[in-house]
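**Q** Quick one: structure below, then a few questions.
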Amino acid sequence: MTITYFITGANRGIGFELAKQLSADSNNIVFATTRSLANATALKDLNRSNLHIIEYDVASPLETLKKALVEPLEKHAPNGVDVIILNAGISKDAQRSILQTTEADLQEHYAVNAIGPVKVYQSLFPYWSKKVNPETAKKVIFVSSAAGFINNFYPFPTSHYGPSKAALNFVARHIAFDNTSSDLDHIKNSIIVPIHPGLVITDMAKEAIGSLDLEALSIKTITPEESASSIIKLINGLEQKDNDTFISYDGTRYSW
Ligand SMILES: NC(=O)c1ccc[n+]([C@@H]2O[C@H](COP(=O)([O-])OP(=O)(O)OC[C@H]3O[C@@H](n4cnc5c(N)ncnc54)[C@H](OP(=O)(O)O)[C@@H]3O)[C@@H](O)[C@H]2O)c1
Numbered sequence: 005m006t007i008t009y010f011i012t013g014a015n016r017g018i019g020f021e022l023a024k025q026l027s028a029d030s031n032n033i034v035f036a037t038t039r040s041l042a043n044a045t046a047l048k049d050l051n052r053s054n055l056h057i058i059e060y061d062v063a064s065p066l067e068t069l070k071k072a073l074v075e076p077l078e079k080h081a082p083n084g085v086d087v088i089i090l091n092a093g094i095s096k097d098a099q100r101s102i103l104q105t106t107e108a109d110l111q112e113h114y115a116v117n118a119i120g121p122v123k124v125y126q127s128l129f130p131y132w133s134k135k136v137n138p139e140t141a142k143k144v145i146f147v148s149s150a151a152g153f154i155n156n157f158y159p160f161p162t163s164h165y166g167p168s169k170a171a172l173n174f175v176a177r178h179i180a181f182d183n184t185s186s187d188l189d190h191i192k193n194s195i196i197v198p199i200h201p202g203l204v205i206t207d208m209a210k211e212a213i214g215s216l217d218l219e220a221l222s223i224k225t226i227t228p229e230e231s232a233s234s235i236i237k238l239i240n241g242l243e244q245k246d247n248d249t250f251i252s253y254d255g256t257r258y259s260w
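Letter by letter, the sequence shown follows residues 5 to 260 in the numbering used here.
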């Protein structure tokens, strides 16, 4: 059974682990993106023939993103893409109040965390919608964050990061809504979910892990390996009823 995955931000952190674990199954075809091939040593060192690395900055213009896909996807994904994992993201110096954040911070975080995934989805749509795969539903996984909760607002400052993830969740919900009126049954029945990957010990989370009272907030940390294996299990188990829901790596269902 061949399932084709496309993962953004896969040269380190959670994205790398997802690419590593998914490409360990030689039946899978995995596209892993990196902003810079020079920084993709860990991916290259995996040296797997079913793992295709693409240089791709999600903040680039849509036409640039489309161009970057043509050669690798036409060559290695004759049946298109089944599962898109929109993982690339940034969080820089985000533990501030809204009064302390800046327009530049907001613009940068929205550009990468919310607008980037829109463009990636648009650039991939022709490949994602290409063909039915009887082995799997078509899926788009948005690696979001509990920091983007509105209803369950987390009591710690996430200034420009939280709002960008809340916007990302809206994008996911809108895609789920758009797809209900698709002429293609496999798109109409596709599964669109934002997920929270846990508080994962990566470069990004170091700031939060070092400064928050995690015990008081009842938050535990997990490794990228644990997060990725839980996310893969979660993705494999997704059903139509999960479409348009917000799920944690451990299967907990959240209200938005
Ligand atoms: N770690 C956590 O506890 C946690 C919690 C909740 C949500 N998340 C979400 O999980 C995702 C992965 O985070 P992580 O912890 O693995 O972070 P990370 O270790 O900092 O890795 C982030 C990845 O995104 C890539 N990236 C950043 N900007 C990009 C751009 N403009 N275009 C393409 N790729 C770009 C990075 O590439 P470079 O190496 O080139 O920078 C890197 O591969 C993010 O969306 C994050 O918001 C993480």
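Using N, Cα and C, we set each Cβ at its ideal position, and we do this for glycine too.
What is the rounded straight-line gap between the Cα of GLN244 and the Cα of ASP182?
**A** 15 Å
**Q** Let's see if you can read the secondary structure: which residues bound the beta strand (DSSP E) around TYR9?
**A** 8-11
**Q** Run the proximity test for TYR60: is its beta-carbon closer than 7 Å to any non-hydrogen atom belonging to ligand 1?
**A** yes
**Q** Check for me: the alpha helix (DSSP H) holding SER252 runs from which residue to which?
**A** No alpha helix (DSSP H) holds SER252; the beta strand (DSSP E) holding it covers 250-252.
**Q** Thinking VAL147 and GLY93 are a contact (beta carbons under 8 Å), I'd like their distance in whole angstroms, please.
**A** 7 Å
**Q** Who are GLU75's beta bridge partners in DSSP?
**A** Bridge partners of GLU75: none, in fact.
**Q** Run through DSSP, which three-state label would TYR158 get?
**A** coil
**Q** Opposite VAL175 in the DSSP bridges: which residues?
**A** For VAL175, which the question treats as bridged, DSSP gives no partner whatsoever.
**Q** Between ILE18, LEU55 and ALA42, which lies nearest to THR261 when the distance is taken from Cα to Cα?
**A** It is not possible to answer for residue 261, since the shown part of the chain is limited to 5 through 260.
**Q** Using the three-state DSSP reduction, which class does HIS190 fall into: helix, strand or coil?
**A** helix
**Q** In whole angstroms, what separates the C-alpha of THR225 from that of TYR258?
**A** 19 Å
**Q** Considering LEU90, what are the terminal residues of the beta strand (DSSP E) in which it resides?
**A** 87-90
**Q** Taking only the alpha-carbon atoms, compute the straight-line gap between THR140 and VAL87 and give it to the nearest angstrom.
**A** 9 Å
**Q** With C-beta atoms as the reference, is ASN117 less than 8 Å away from ALA180?
**A** no
**Q** Which residue marks the beginning of the alpha helix (DSSP H) containing VAL122, and which one marks its end?
**A** 120-132
**Q** Among TYR60, LEU172, ASN31 and TYR253, which residue has its Cα nearest to the Cα of ILE199?
**A** The shortest Cα separation from ILE199 among TYR60, LEU172, ASN31 and TYR253 belongs to TYR253.
**Q** Taking the alpha helix (DSSP H) that ALA261 falls in, what are its first and last residues?
**A** Outside the shown range of the chain, which is 5 to 260, sits residue 261, and nothing can be said about it.
**Q** Determine the closest residue to SER149 out of VAL204, LEU26, GLU219 and TRP132, with distance taken between C-alpha atoms.
**A** Comparing Cα positions, the closest option is VAL204.
**Q** For ASN51 and LYS71, what's the separation of their Cα atoms in angstroms?
**A** Between ASN51 and LYS71, the C-alpha separation is close to 25 Å.
**Q** Measure the alpha-carbon distance for SER127 versus LYS143 and round it to whole angstroms.
**A** Cα to Cα, SER127 sits roughly 15 Å from LYS143.
**Q** Given SER168, which residues of its chain have a CB within under 7 Å of its CB, disregarding the five upstream and five downstream residues?
**A** HIS113, TYR114, ASN117 and ALA118
**Q** Decide if the segment 154-163 is in contact with the segment 15-33; the criterion is three or more beta carbon pairs, one per stretch, under 8 Å apart.
**A** no
**Q** Please return the same chain residues whose Cβ sits closer than 7 Å to the Cβ of THR184, not counting the five positions on each side in sequence.
**A** LYS192
**Q** Within 10 angstroms of the Cβ of LEU242, are there 16 or more other Cβ atoms? Answer buried if so, exposed if not.
**A** LEU242 comes out buried.
**Q** Is DSSP giving ASN137 helix, strand or coil here?
**A** strand
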